[in-house]
Amino acid sequence: MQSADISPAEHATPALPPAAYSRFWQRLHRRYDALFPLLPAGVPTRATMEQALDALLAQPYELGAALRILRQLVLERTMVLDCDGTADLGAVTGSMTALGELALDRACQAARADLDSRHGAPQGPDGQPVQLWIIGMGKFGARELNVSSDIDLIYVYEHDGDTAGLPDGRGKLSNHEYFGRVVKAIYALIGDTTEHGFVFRVDLALRPNGNSGPAAVSLGSLEEYLLVQGREWERFAWLKSRIVAPTACIATPNVQGLRGVVLPFVFRRYLDYSVFDALRSLHRQIREHATRRSAGHPERANDVKLSRGGIREIEFTVQLLQVVRGGQFPELRCRPTLEALQRLARANLMPQETAQQLAEAYTFLRGVEHRIQYLDDQQTHVLPTRDDDLEWIARTMGFARCQDFLHQLDAHRELVAQEFDTLLGGDKAQDCASGNCAGPRAITGGPAIPDLEALLEQLPPALSSRVAEWRDLPRVRGLRDEARTRLFRLVLRTAQWVQQGKVGEEAAVRMINWLEPLLRRESYLALLLERPSVHERLLHMLGAAKWPARYLQQHPGVIDELAGEALFQERFSAADFEHEMALRLQALESTGEDDDETLLNLLRRAHHAETFRTLARDVEGAITVEQVADDLSALADTVLRVTASWCWQRLKNRHREVPQFAIIGYGKLGGKELGYGSDLDIVFVFDDADDNAPEVYAAFVRKLINWLTVKTGEGDLFEIDTALRPNGNSGLLVTSFKAYADYQQQRGSNTAWTWEHQAMTRARFVLGSDDLAARFDAVRETVITAPRDAAALREEIVSMRARVRAAHPVRGTAFDVKHSEGGMVDAEFAVQYLVLSQSAQHRELIDNVGNIALLQRAEAAGLLPAGQGQAAAAAYRELRRVQHQSRLNEGNGQVDPASVQVQADAIRQLWQTVFGDA
């Protein structure tokens, strides 16, 4: 390290900072030493840079020179603070980004003022002013500029048209020509190299049509280009795009037009695994370019940005996951790499440990990159070959020895390379010999089989017969060659697994049946090829039952849920679901995309995904039938809470921030026994003294029911049944809590029927304030513990059971697990009678804990003979399981009587004990 020649008499002179070793630092101090005090102390910010710039302009320096000198002052300060550990990575990149924003803002103002004075201001079709947006791409857009970075820019203007011209009619230009001149003027102010250097190197190669395209494009031209010609790699380029200048335009509503063009291009509405091949191609080109650069120059191979395990591979890893999923999961949309890593971890797309390791590697590699550039202010990412340069980098990175630094550098790069290769190569742990390697050529390592007849020869009989139907199927014949190749590879891999006994042939045929209508959505083919583990889990699900295939047909996007490694170890979490929905809403609000239709689809996708996760655990046997019902019921509760909250916030005539409102669940929702596709029996009540409350809550409930039931492109959420409200379908859709309580407690002439009190045994408070919840529980307890004539109650319930059985006749000799004598309904009616007739004396029957637990409690209370309650509970549990399995296989719940004889006899005995021979 270089140091000053200090004599003993000058021992009080402050030591030079670590940055003083830099040859660039030394040049700066020789040239600008007297100007450094113009930049206020501390990390440079937009405010302090503006202060220094104004001081330079007052010297007087003209704007171009002042901006260039400001850059030197900022870089010197950043270099010193970074190398002595005072400034972290965010401070360094933030300062450089702020410098770029300030320079472009001032340059744009100057350029437009000059051109306006000579040609008039540009005008839109209606004579309105026309904005120019300077879009920062890549690191600039993400506020991650490095210290010697160029800036990737795209200039977009709002409307085509002409300038106003001068008062005498001269000087009029087309907006296209006007903004082209603005771009040139801005470049002269910040990009040209003068005696003071430059402010930034400027690169416009990412604009539409690259270097052959115009320097500035209209918004309409940009939209047409992205729609017609936009390539996959450009989606990655636009991912981090951001309007960086002029400052006055950034917060205006006009920029929403640009968001509306860019967001649909970058983020597709479906899970988009087709981008894997695009990223492989882009990465291969970068590697090949790096190889060519280092040919004959081995020192260039040690590039911390572009070499294996470098910064670019971390960025690609993050961007790939964002582009694949960002269309459906807006909370993943963010520009900075470090923030995106944490969002990916929160979304369970990456283990938290991996995200942390990649973040540490990114921070380390960016620190090394900056020190490489501090040496000579060169735009390079290659480690220096001079030993003293390497030793200085090591010291300023906190290492006493250079070899320790290099060891840590290698460790970070190896980890990054492994994660990147795993992502692009798929499930490396799988056995490649069994055709389970990932990647587009994973099956044979050679070209795909382009000929259907050749493919059929390699398939087992049933699968071959089904695939042979593709000979005359236009949907298959019309596929692009690339898509057909993917399809055939997928079929061949499936056949190999069938032949190896890993999956059944019936599952393979079901997969073909599922996939065939989706062939135009090529991303699903890409997903299954890229993720062999997803392909295998899909086949296991399809082989286990019929209904999963139907659900996947209706909601194919949920298949990606099979990619999560923790799927079968987790259960539904209401808190996590609500947190994720809040993040997604926040992300949509930030981009102005939070319209009703988008939120409706967001709710449906989230609900379908959680339902499918439960279904996957169910089919794999990871959870019991009771746990399935618990999770589906908790999901319904949570979806009702989220939907009600969003609807209330969007209700035009709402009169308070928090509604005084409640939802009461009945039936399977109330008893927490929901199944797949169950409707929701609910009653709406309010407790609000406002004069307009009835009208407000009526409008709210109508909106809420619409949000829950309307079918969009993503399907619906639930079917809603409100027949259990006071006075049934002839009653008000939403009633005051007082009216509801009076109705249930037999106050007045308008009161509930016995069957409504039966329903109350399974009623549950689902949504609302704690105060309303307590008051509902009190009403419920009063109703079910009210004095009753046991004989009259018995007669009414037996009569009701007869009517239900008559409405669901069982033909033939089959046993209907729900409606036959000795079936589940008999057990449910027996429990309801015991609760309504005995809970006043046996308060342990008041709780809504489900039929199984209540049967066990009734026996413990002496209301049933010893062993009968346990036997009936076990029988009910088994009949639920049989019914559940039947529904998974699209059955009607009717089975051979002999298969459930023990269970039916146990419930018949229960009925006999409770109701006698009735």
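In our numbering, the protein residues as written are 1066 to 1983.
Positions of the beta carbon are idealized from the N, C-alpha and C atoms, including for glycine.
Remember, predicted model here, so these are calculated numbers, not experimental data.
Problem set entry | Bounding residues of the alpha helix (DSSP H) (the contiguous stretch that carries Ala-1281) | Reading the sequence shown from its first residue, position 216 is the one you call residue 1281. Ala-1281 -> not in any alpha helix (DSSP H); beta strand (DSSP E) instead, spanning 1281 to 1283.
For this session: Label Arg-1596 either buried or exposed according to how many other C-beta atoms from any shown protein chain fall within 10 Å of its C-beta, with 16 as the threshold for buried.
Result: As a position in the sequence shown, residue 1596 is number 531, starting the count at 1. Arg-1596 is buried by the Cβ-count criterion.
Problem set entry | Start-to-end residues for the alpha helix (DSSP H) that takes in Thr-1800 | The count along the sequence shown starts at 1 and reaches residue 1800 at position 735. Run containing Thr-1800: none in the alpha helix (DSSP H); it sits in the beta strand (DSSP E), 1799 to 1801.
For this session: Inspect the beta-carbon positions of Leu-1397 and Ala-1652 and report whether they are closer than 9 Å.
Result: Position 332 of the sequence shown holds residue 1397. Position 587 of the sequence shown holds residue 1652. Yes; because the gap between Cβ atoms is below 9 Å, this pair is in contact.
For this session: Can you say whether Ala-1754 is buried or exposed, counting buried as having 16 or more other CB atoms within 10 angstroms of its CB?
Result: Along the sequence shown, one-based indexing puts residue 1754 at 689. Exposed.
Problem set entry | Beta-carbon proximity list for Glu-1784, same chain, < 6 Å, skipping 5 on both sides | Taking the sequence shown and counting its residues from 1, one reaches residue 1784 at position 719. Asp-1744.
Exercise. What number of angstroms, rounded off, separates the C-alpha of Pro-1512 from the C-alpha of Arg-1551?
Worked result: In the sequence shown, counting from the first residue as 1, residue 1512 sits at position 447. In the sequence shown, counting from the first residue as 1, residue 1551 sits at position 486. The predicted model places Pro-1512 with a pLDDT of 46, which falls under 50 and marks its position as unreliable; any figure quoted below should be read in that light. The alpha-carbon atoms of Pro-1512 and Arg-1551 are separated by roughly 11 Å.
For this session: Just mark Asn-1240 as buried or exposed, buried being the case when its beta carbon has 16 or more other beta carbons within 10 Å.
Result: Here residue 1240 corresponds to residue number 175 of the sequence shown, with the count starting at 1. Asn-1240 is buried by the Cβ-count criterion.
Exercise. Is DSSP giving Pro-1194 helix, strand or coil here?
Worked result: To locate residue 1194, count along the sequence shown from 1; it is residue 129. DSSP places Pro-1194 in strand when its eight states are reduced to three.
Problem set entry | Status (buried if at least 16 other CB within 10 Å, exposed otherwise) for Arg-1171 | The residue given as residue 1171 occupies position 106 in the sequence shown. It is buried - the Cβ of Arg-1171 has at least 16 other Cβ atoms within 10 Å.
For this session: State the CB to CB distance for the pair Glu-1141 and Leu-1103, rounded to an integer number of angstroms; the pair is presumed to be in contact (CB under 8 Å).
Result: Here residue 1141 refers to the residue found at position 76 when the sequence shown is read from its first residue. Here residue 1103 refers to the residue found at position 38 when the sequence shown is read from its first residue. With 8 Å as the limit, Glu-1141 and Leu-1103 do not qualify as a contact, their Cβ atoms being about 11 Å apart.
For this session: Determine the burial state of Ala-1614: buried for a count of at least 16 other Cβ atoms within 10 Å of its Cβ, exposed for fewer.
Result: Looking up residue 1614 in the sequence shown gives position 549. So Ala-1614 ends up on the buried side.
Exercise. Using DSSP with H/G/I as helix, E/B as strand and the rest coil, what is Gln-1811?
Worked result: The count along the sequence shown starts at 1 and reaches residue 1811 at position 746. If DSSP states are grouped into helix, strand and coil, Gln-1811 belongs with coil.
Exercise. Around the Cβ of Asp-1119, are there at least 16 other Cβ atoms within 10 angstroms (buried) or fewer (exposed)?
Worked result: Position 54 of the sequence shown holds residue 1119. Under this definition Asp-1119 is an exposed residue.
Exercise. For the beta strand (DSSP E) that Tyr-1220 lies in, which residues bound it at each end?
Worked result: Taking the first residue of the sequence shown as position 1, residue 1220 is located at position 155. Unbroken beta strand (DSSP E) run through Tyr-1220: 1215 to 1222.
For this session: Figure out for me which residue from Val-1766, Met-1825, Tyr-1805 and Leu-1347 has the closest Cα to the Cα of Leu-1798.
Result: Locating residue 1798 in the sequence shown gives position 733, where the first residue counts as 1. Checked all of Val-1766, Met-1825, Tyr-1805 and Leu-1347; the closest Cα to Leu-1798 is Val-1766.
For this session: Could you tell me the boundaries of the alpha helix (DSSP H) in which Ala-1405 lies?
Result: Here residue 1405 refers to the residue found at position 340 of the sequence shown. 1402 to 1411 is the extent of the alpha helix (DSSP H) around Ala-1405.
Problem set entry | Beta-carbon proximity list for Val-1556, same chain, < 8 Å, skipping 5 on both sides | In the sequence shown, the residue the question calls residue 1556 occupies position 491. Leu-1520, Leu-1524, Leu-1528, Val-1532 and Ile-1577.
For this session: Closer than 6 Å by C-beta to Leu-1796: which residues in its own chain qualify, once you throw out the five before and the five after it? Chain order, please.
Result: Taking the sequence shown and counting its residues from 1, the one referred to as residue 1796 is at position 731. Note that residue 1796 is Gly in the sequence shown, not Leu. Around Gly-1796: Arg-1790.
Problem set entry | 8 Å contact criterion, which Leu-1920 and Ala-1937 should meet: CB distance rounded | For the purposes of this step, residue 1920 is taken as the residue at position 855 of the sequence shown. For the purposes of this step, residue 1937 is taken as the residue at position 872 of the sequence shown. About 5 Å separates the two Cβ atoms, so the contact holds.
For this session: Within its chain, find whatever has a CB closer than 6 Å to the CB of Gly-1206; leave out the 5 residues flanking it on each side and keep chain order.
Result: Indexing the sequence shown from 1 puts residue 1206 at position 141. Counting only Cβ-Cβ distances below 6 Å, and skipping sequence neighbours, we find Lys-1305, Ser-1306, Arg-1307 and Arg-1400.
Exercise. Between the C-alpha atoms of Cys-1497 and Pro-1311, what's the straight-line distance to the nearest angstrom?
Worked result: Sequence index remark: in the sequence shown, residue 1497 carries index 432 (1-based). Sequence index remark: in the sequence shown, residue 1311 carries index 246 (1-based). Confidence at Cys-1497 is low in this model, with a pLDDT of 32, below 50, so the placement of that residue is unreliable and no value is reported for it.
For this session: Reducing DSSP to helix, strand and coil, say where Val-1568 ends up.
Result: On the sequence shown, position 503 is the one that residue 1568 refers to. In this structure, Val-1568 counts as coil in the three-state DSSP scheme.
Problem set entry | the stretch 1168 to 1187 contacting the stretch 1141 to 1160, beta-carbon criterion three pairs below 8 Å | no
Exercise. How do the stretch 1746 to 1763 and the stretch 1713 to 1733 stand: do at least 3 beta-carbon pairs fall below 8 Å, yes or no?
Worked result: yes
Exercise. Three-state secondary structure (DSSP) at Gln-1294?
Worked result: Position 229 of the sequence shown, counted from the start, is the residue given in the question as residue 1294. In the structure shown, Gln-1294 sits in coil (DSSP, three-state: anything other than H, G, I, E or B).
Exercise. Assuming Gln-1725 contacts Phe-1751 under a Cβ cut-off of 8 Å, what Cβ separation, rounded to an integer in Å, is found between them?
Worked result: Translated into the one-based positions of the sequence shown, residue 1725 becomes position 660. Translated into the one-based positions of the sequence shown, residue 1751 becomes position 686. About 6 Å separates the two Cβ atoms, so the contact holds.
Problem set entry | Closest by C-alpha distance to Ile-1200, when choosing among Gly-1629, Leu-1287 and Ser-1277 | Residue 1200 sits at position 135 when you count from the first residue of the sequence shown. Comparing Cα-Cα distances from Ile-1200 to each of Gly-1629, Leu-1287 and Ser-1277, the minimum goes to Leu-1287.
Exercise. Of the residues Ser-1214, Arg-1272, Cys-1314 and Tyr-1126, which one's Cα is nearest the Cα of Cys-1173?
Worked result: On the sequence shown, position 108 is the one that residue 1173 refers to. Residue Cys-1314 is the option with its Cα nearest to Cys-1173.
For this session: Kindly list the residues whose CB is nearer than 6 Å to the CB of Ala-1270, restricted to its own chain and excluding five residues on each side of it in sequence; keep chain order.
Result: As a first step, residue 1270 is located in the sequence shown; it is residue number 205 there, counting from the start. Closer than 6 Å at Cβ, skipping near neighbours: Asn-1276.
Problem set entry | Reduced DSSP category for Tyr-1589 - H, G, I as helix; E, B as strand; rest coil | The residue you call residue 1589 lines up with position 524 of the sequence shown. Three-state result, Tyr-1589: helix.
Problem set entry | For Phe-1301, three-class secondary structure by DSSP | Taking the first residue of the sequence shown as position 1, residue 1301 is located at position 236. If DSSP states are grouped into helix, strand and coil, Phe-1301 belongs with the helices.
Exercise. How is the alpha helix (DSSP H) around Arg-1829 delimited, first residue to last?
Worked result: The residue you call residue 1829 lines up with position 764 of the sequence shown. Counting along the chain, Arg-1829 falls outside any alpha helix (DSSP H), though it belongs to the beta strand (DSSP E) covering 1829 to 1832.
Exercise. Going by alpha carbons, who is nearest to Asp-1746 out of Tyr-1808, Arg-1829, Asp-1683 and Leu-1928?
Worked result: In the sequence shown, counting from the first residue as 1, residue 1746 sits at position 681. Comparing Cα positions, the closest option is Arg-1829.
For this session: Under 6 Å Cβ to Cβ from Leu-1820, same chain only, skipping five residues before and after it: list those, please.
Result: Working through the sequence shown from its first residue, we reach residue 1820 at position 755. Just to set this straight, residue 1820 is Trp in the shown sequence, not Leu. Closer than 6 Å at the Cβ level, and outside the excluded window around Trp-1820, lie Met-1865.
For this session: List the DSSP bridge partners of Ile-1785.
Result: Locating residue 1785 in the sequence shown gives position 720, counting from the first residue. DSSP output for Ile-1785 lists Leu-1745 as bridge partner(s).
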